[in-house]
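Peer 1: Residue numbers (UniProt numbering): 1 to 960. After the structure tokens below, expect a handful of questions from me.
And the structure:
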């Protein structure tokens, strides 16, 4: 019987659906295992061969764990909200829901063709009101919560209100936007609006003024990863920094828990380090500096500002101060004489994202015209403004010690500012800085002034920092503080296609739509653009007001600020729907709660999470925060959502080129010369669709049909001929590049599945290289995997027997089981595929036809090539699906070597090889070798000085 992969794969894909093979339910008698892929966004372009890489890797592991007896949850859904669908809607007028539905249908069709073991009964879509109800619900819980720093967990806001009523802020240690202090009497004297305004300072979901990436052309805020070189990734429109009132989530409150949790997960060191750097914990001192601003007439205007430093001991070396451009201090500390220069600089910085400012090392800045007083030296030092200082970290102001810090040093050199060495004669050249510490200092220079006899002479850095902290605190110059770089998440977007906020406004303050009225569904609008007056697209909705008495959405015309109020016009960002989707998969049809207790306690968290490294500082931070918040209230069941994380690499495209001969006469048909002849002409390489190139040989007919301008094209073939006679071929050039439509190197997996089958695609993607590594796609190499599957199939088409298998066959199969088991556990799938190929070659040479032994091969290959495995399992009389078989155990007894092959050398030169019993002694080996006829030929006429035997490797006979 031939290996008809098309019929086999369609047959089993239908059977899996009809029999609900992959449907999973909680089973207390089985140990659970939860496998998950990062939420995919369904684009209109569909999948290319790079997209399934992670899905195939996780699918193999899911199938493997099921064969080991685990109850495996392997769900799939869609991150269906987002800017691309909205932009397409603006361009075409189609509702984003329609295009999203089409894109999802296309994705589902492609995913089904590849044969994944997803439980589609658990599918979730972020644009489904039944799903985003729970995103709205979680947001409301955050709004109704504050973070207690002592307890290190979220608490109901009612508890805080009760404390305010009885004690004001006395005895509180809680996360807040700015430090506030008031008595119970002051709180109780406030009206409701004043109290609500004050509570916003403490809520975990709060309205706050914040700097954002604003894109006027798109009319929306963009995340850092949506901005490239100062323009929007989608559309290439200018982006500026702008302060706006936005909904925010107090992610920063969870900074320490986010850090601590990294010790309890099985992630790569690089991802953990990336998160630690992003969270950016630092222990230091907040110090208050006095400032002087020149006046046009009279004495300078005095003020003060606070800086945060991890090295207060270096204050002797401070030679200037730097403010972040966004700092509120810029306005108060800019002298009148400098206002024009400062305004020009601020306009420049507005076009720069924080990401660009952090990564770009170029030096820019402007002098404010004001001065600060160095607390330790009493000297006046200039206050500058520069983009290398960020408003969101620390206080948005720094003391610059150019002899210690590399960026301060570069700034000082660029603007010719003083560099004060902290050790007499210290090297303060650019070469003196390492990546972390800069110059190591431990004492001020001799003769430097000190404060009240305060000196750091002879102390280590650690001792000097500690002493300075005590001094600053005792003298009430500042306080000791732990700081984090992690910012609160901006949670508003001025878009249409996103989750609506369940919020209405009364007397200018936000109130929550009652929980029983959720979901608040996205309304219809006539256009998907901002309104003519600059409101977000929801401002176009006619029915978008909240009737508080009747608890329903009504027409905006009925707004009276008594019972009918305006609803929020912003929508939630993309990460809103993807921050807790893994929880909903556990219990997707529960209408009473996000996750029922029974399902939640069974599945607990994700055991294996697979996705790209690009989510290390976005999704992985936000989802961990979201999960920890829900954990505080008992709505999630483990504090860390993802126990093991695997980051798949990228599959790069293998581009092909044709070479057009340059000519000034463009009226003639274009002439293309083959790769081997191109150096004889002046040519222009042109990207060509890789789908019409096979083994780097161009399909001439398909090429002419590809583009109208090429239908009359002429060719010079590889053999120099200019006519396409039999055997004449046009050979294309190639290069490895990013897979992109513009380079025509996108390979559609449907084409591969149609030509070779899904099992071949799955094997080949794994065979390309380690899962975590990026590797080039080369369709030319896929034939090898397809030939292997045909050879595998053929092995089972012979007459099989129940006779005793040979020792060699037992060894080959059990060696494979051991190798594949360890490789799957280590995600070394490429070496597992290679092991399959070696084993099948060995069994073919051994003429193995033992039915039970070969049956084990079917189980072992099932995670990699499930369709062929199911078909052969059925042919072999296996019961049910191969998915429910038992993963075979290898027997070490079969793997023991009975013989070893050693190389025999004379005076260090290898001459021949011999087989010996594995347990032969050195004496036995030496006796056998010396008696061998070949050895006698080399020994003849010479004396044996000694015989060296390296166990299991070599025998060297030294002659003289």
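Glycine residues also receive a C-beta, built at the ideal position from the N, C-alpha and C atoms. This structure is a prediction, so every number in the text was calculated from the model and none was measured.
Just mark residue 490 as buried or exposed, buried being the case when its beta carbon has 16 or more other beta carbons within 10 Å.
Peer 2: For the purposes of this step, residue 490 is taken as residue 490 along the chain shown, with counting starting at 1. Buried, by the Cβ-count rule.
Peer 1: What number of angstroms, rounded off, separates the C-alpha of residue 3 from the C-alpha of residue 728?
Peer 2: Position 3 of the chain shown, counted from the start, is the residue given in the question as residue 3. Position 728 of the chain shown, counted from the start, is the residue given in the question as residue 728. Roughly 32 Å separates the two Cα atoms.
Peer 1: Restricting to Cα atoms, I'd like to know which of 739, 548 and 572 is closest to residue 565.
Peer 2: Start at 1 with the first residue of the chain shown, and residue 565 comes out as number 565. The shortest C-alpha separation from residue 565 is found at 548.
Peer 1: Residue 559 by DSSP, collapsed to three states: which one?
Peer 2: In the chain shown, the residue the question calls residue 559 occupies position 559. Coil, per DSSP.
Peer 1: When we look at the beta-carbon of residue 255 and count the other beta-carbons within 10 Å, is it buried (16 or more) or exposed?
Peer 2: Numbered from 1 along the chain shown, position 255 holds the residue referred to as residue 255. Under this definition residue 255 is a buried residue.
Peer 1: Out of 592, 590 and 623, point me to the one whose CA is closest to residue 582's CA.
Peer 2: On the chain shown, residue 582 is found 582 positions in, with the first residue counted as 1. Residue 582 has its Cα closest to that of 623, out of 592, 590 and 623.
Peer 1: Tell me, please, which residues DSSP counts as bridged to residue 371.
Peer 2: To locate residue 371, count along the chain shown from 1; it is residue 371. By DSSP's assignment, residue 371 forms a beta bridge with 292 and 382.
Peer 1: Take the Cβ of residue 502 as the centre, count every other Cβ of all protein chains shown within 10 Å, and call the residue buried at 16 or more, exposed below.
Peer 2: As a working mapping, residue 502 is identified with position 502 in the chain shown. Buried: at least 16 other Cβ atoms inside 10 Å.
Peer 1: Compare the C-alpha of residue 537 against each of 131, 378 and 218 and name the closest.
Peer 2: Position 537 of the chain shown holds residue 537. Out of 131, 378 and 218, 218 has the C-alpha closest to the C-alpha of residue 537.
Peer 1: Spell out a yes or no on whether the segment 660-675 and the segment 635-647 are touching, meaning 3 or more CB-CB pairs, one atom from each, closer than 8 Å.
Peer 2: Taking one beta carbon from each stretch, the segment 660-675 and the segment 635-647 have fewer than 3 pairs nearer than 8 Å; the two do not touch.
Peer 1: Is the number of C-beta pairs between the segment 261-269 and the segment 230-250 that are closer than 8 Å three or more?
Peer 2: no
Peer 1: Residues bridged to residue 801 by DSSP?
Peer 2: Within the chain shown, residue 801 is the residue found at index 801, counting from 1. Residue 801 pairs with 850.
Peer 1: When you compare the CB of residue 73 with every CB in chain D, is at least one pair closer than 8 Å?
Peer 2: Judged by its chain identifiers, the structure shown contains no chain D, having just a single protein chain.
Peer 1: For the pair the segment 274-281 and the segment 473-485, tell me if three or more CB-CB distances fall below 8 Å.
Peer 2: yes
Peer 1: From the DSSP output, which residues share a beta bridge with residue 653?
Peer 2: Residue mapping note: residue 653 aligns to position 653 of the chain shown, counting from 1. Looking at the DSSP assignment, residue 653 forms a beta bridge with 737.
Peer 1: Starting from residue 145, follow the beta strand (DSSP E) in both directions and report where the run begins and ends.
Peer 2: Position 145 of the chain shown, counting from 1, holds the residue named residue 145. Segment 145-148, the beta strand (DSSP E) holding residue 145.
Peer 1: Spatial neighbours of residue 863 within its chain, please: CB distance less than 6 Å, with the 5 preceding and 5 following residues excluded, ordered by chain position.
Peer 2: Counting from one through the chain shown, the residue named residue 863 turns up at place 863. Contacts found: 60, 63 and 64.
Peer 1: Do the segment 373-385 and the segment 295-303 touch if we need at least three Cβ pairs shorter than 8 Å?
Peer 2: no
Peer 1: Would you give the residue range spanned by the beta strand (DSSP E) that residue 607 belongs to?
Peer 2: Here residue 607 refers to the residue found at position 607 when the chain shown is read from its first residue. Counting along the chain, residue 607 sits inside the beta strand (DSSP E) bounded by residues 606-611.
Peer 1: State whether the segment 513-525 contacts the segment 591-601, with contact taken as three or more CB pairs (one from each stretch) at a distance under 8 Å.
Peer 2: no
Peer 1: By Cβ distance below 7 Å, which residues in the same chain neighbour residue 494 in space, the five residues on each side in sequence not counted?
Peer 2: In the chain shown, the residue the question calls residue 494 occupies position 494. Closer than 7 Å at the Cβ level, and outside the excluded window around residue 494, lie 219, 220, 221, 530, 536 and 570.
Peer 1: Closer than 6 Å by C-beta to residue 253: which residues in its own chain qualify, once you throw out the five before and the five after it? Chain order, please.
Peer 2: Numbered from 1 along the chain shown, position 253 holds the residue referred to as residue 253. Taken in chain order, the residues that qualify are 147 and 175.
Peer 1: Rounding to the nearest angstrom, what Cα-Cα distance links residue 372 and residue 143 in this structure?
Peer 2: On the chain shown, residue 372 is found 372 positions in, with the first residue counted as 1. On the chain shown, residue 143 is found 143 positions in, with the first residue counted as 1. Using only the alpha carbons, I get a separation of about 40 Å.
Peer 1: Mapping DSSP to helix, strand and coil, what is residue 769?
Peer 2: Here residue 769 corresponds to residue number 769 of the chain shown, with the count starting at 1. Residue 769 falls in the coil class under three-state DSSP.
Peer 1: State the DSSP-derived secondary structure class of residue 548, mapped to helix, strand or coil.
Peer 2: Taking the chain shown and counting its residues from 1, the one referred to as residue 548 is at position 548. In this structure, residue 548 counts as coil in the three-state DSSP scheme.
Peer 1: Looking at residue 749 and residue 654, is the spacing between their C-beta atoms short of 8 Å?
Peer 2: Counted from its first residue, the chain shown places residue 654 at position 654. Counted from its first residue, the chain shown places residue 749 at position 749. Cβ atoms of residue 654 and residue 749: not closer than 8 Å.
Peer 1: Quick check: residue 308 and residue 291, are their CB atoms within less than 8 Å of each other?
Peer 2: Residue 308 sits at position 308 when you count from the first residue of the chain shown. Residue 291 sits at position 291 when you count from the first residue of the chain shown. Going by C-beta atoms, residue 308 is not nearer than 8 Å to residue 291.
Peer 1: Take residue 180 and list the residues in its own chain whose beta-carbon comes closer than 8 Å to its own, dropping the five residues that flank it on each side.
Peer 2: As a position in the chain shown, residue 180 is number 180, starting the count at 1. Contacts found: 169, 198 and 201.
Peer 1: Closest to residue 407 by C-alpha separation, out of 320, 341, 901 and 422, would be which residue?
Peer 2: Position 407 of the chain shown, counting from 1, holds the residue named residue 407. Comparing Cα-Cα distances from residue 407 to each of 320, 341, 901 and 422, the minimum goes to 320.
Peer 1: Can you tell me whether residue 526 is buried or exposed? The criterion is at least 16 other CB atoms within 10 Å of its CB, across all chains shown.
Peer 2: For this step, residue 526 is matched to residue 526 along the chain shown. That one is exposed.
Peer 1: Which same chain residues end up closer than 6 Å to residue 934 when comparing Cβ atoms and leaving out the 5 residues on each side of it in sequence?
Peer 2: Within the chain shown, numbered from 1, the residue matching residue 934 stands at position 934. Excluding positions up to five away in sequence, the list reads 912.
Peer 1: Can you tell me whether residue 744 is helix, strand or coil according to DSSP?
Peer 2: Counting from 1 along the chain shown, the entry for residue 744 is found at position 744. Coil.
Peer 1: Please classify residue 542 as buried or exposed, where buried requires at least 16 neighbouring CB atoms within 10 angstroms.
Peer 2: Against the chain shown, residue 542 aligns to sequence position 542. Looking at its Cβ environment, which holds fewer than 16 other Cβ atoms inside 10 Å, residue 542 is exposed.
Peer 1: Are residue 240 and residue 351 close, meaning C-beta to C-beta below 8 Å?
Peer 2: Here residue 240 is taken as the residue at index 240 of the chain shown, counted from 1. Here residue 351 is taken as the residue at index 351 of the chain shown, counted from 1. Cβ distance < 8 Å, so residue 240 and residue 351 count as in contact.
Peer 1: Return yes when the Cβ of residue 122 is within less than 8 Å of the Cβ of residue 588, no when it is not.
Peer 2: Taking the first residue of the chain shown as 1, we reach residue 588 at position 588. Taking the first residue of the chain shown as 1, we reach residue 122 at position 122. Yes, Cβ-Cβ distance for residue 588 and residue 122 is below 8 Å.
Peer 1: May I ask you to report which of helix, strand or coil DSSP gives residue 877?
Peer 2: Within the chain shown, residue 877 is the residue found at index 877, counting from 1. Coil.
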